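Colleague:
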Ligand SMILES: [Fe+2]
Ligand SMILES: [Fe+2]
């Protein structure tokens, strides 16, 4: 059985993951509004991944005998000055989330909770990927700058990203049904 402190810290992190999903969904609609459907689609896939991060963490809490809590989700901002501004925030946000995951690992160590520490390794690995992909995307969008044809090419490229469930997670039927809609934004 996990400590109350550990359950609480996991529930708080699940809430931050859901906020991440909300933030990227907000960015998706922002990109829709400025007619960049590829960037919008990329953000929608990103929002789906964050929802998986949320549920995976809440599933762990529930399977360990705790109560998964649906804490209130903060409202993200609704507009950005430019595509670079939005992708800069993605990069900053992912680095901040990496710090939160490391702090959570710190809680598991203080609680002498080896099971949770090992569960969190998945999130640490995921953050390495997230930081790398957000860095690549930021550089791509920065390179396009204000050149409209380069921006359209970047938009087409990012629009190719498809949602994939992490290994082992697709066994959940509700997650599989979610996969039918994520990333399939109509143009
Ligand atoms: Fe996440
Ligand atoms: Fe993330």
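Numbering (the numbering used here), first residue to last: 47 to 233.
Cβ atoms here follow ideal geometry from the backbone N, Cα and C, with glycine treated the same way.
Note that this is a predicted model, so its numbers are computed, not measured.
With a threshold of 6 Å on Cβ separation, who are the neighbours of residue 99 within its own chain once the five nearest residues in sequence on each side are excluded?
Modeller: 63
Colleague: Using CA atoms only, rank isn't needed, just tell me which of 47, 48, 55 is closest to residue 146.
Modeller: 55
Colleague: DSSP three-state label for residue 167, please.
Modeller: helix
Colleague: For residue 171, count neighbouring C-beta atoms within 10 Å of its own C-beta (all shown protein chains included) and say buried if the count is 16 or more, exposed if not.
Modeller: exposed
Colleague: Taking only runs of the alpha helix (DSSP H) that begin and end inside the region 122-185, which ones reach a length of at least 4 residues, in chain order?
Modeller: 129-156
Colleague: When DSSP labels each residue in this structure, what does residue 57 get in the three-state scheme?
Modeller: helix
Colleague: Where do the N-terminal and C-terminal ends of the alpha helix (DSSP H) with residue 95 fall, by residue?
Modeller: Segment 83-109, the alpha helix (DSSP H) holding residue 95.
Colleague: I think residue 130 touches residue 207, with their Cβ atoms under 8 Å apart; what is that distance to the nearest whole Å?
Modeller: That belief does not hold up - the Cβ atoms of residue 130 and residue 207 are roughly 18 Å apart, past 8 Å.
Colleague: Straight-line CA distance for residue 53 to residue 107?
Modeller: 6 Å
Colleague: Comparing alpha-carbon positions, which option in 67, 154, 83 lies nearest residue 200?
Modeller: In this structure, 83 is the residue among 67, 154, 83 with its C-alpha nearest to the C-alpha of residue 200.
Colleague: What distance in whole Å lies between the Cβ atoms of residue 96 and residue 86, which are believed to be in contact at a cut-off of 8 Å?
Modeller: Actually they do not touch by this definition, with Cβ atoms about 16 Å apart.
Colleague: Beta-carbon within less than 6 Å of residue 114's beta-carbon, same chain only, minus the 5 sequence neighbours each way: which residues are those?
Modeller: Once the five neighbours on either side are set aside, the close Cβ partners of residue 114 are 104, 107, 108.
Colleague: Which residues are close to ligand 1, meaning CB closer than 6 Å to any heavy atom, in chain order?
Modeller: 63, 66, 96, 99, 143
Colleague: Throw me the rounded Cβ distance for the residue 157 and residue 51 pair, which I believe falls under 8 Å.
Modeller: 6 Å
Colleague: When you compare only the Cα positions, how much space is there between residue 163 and residue 140?
Modeller: 20 Å
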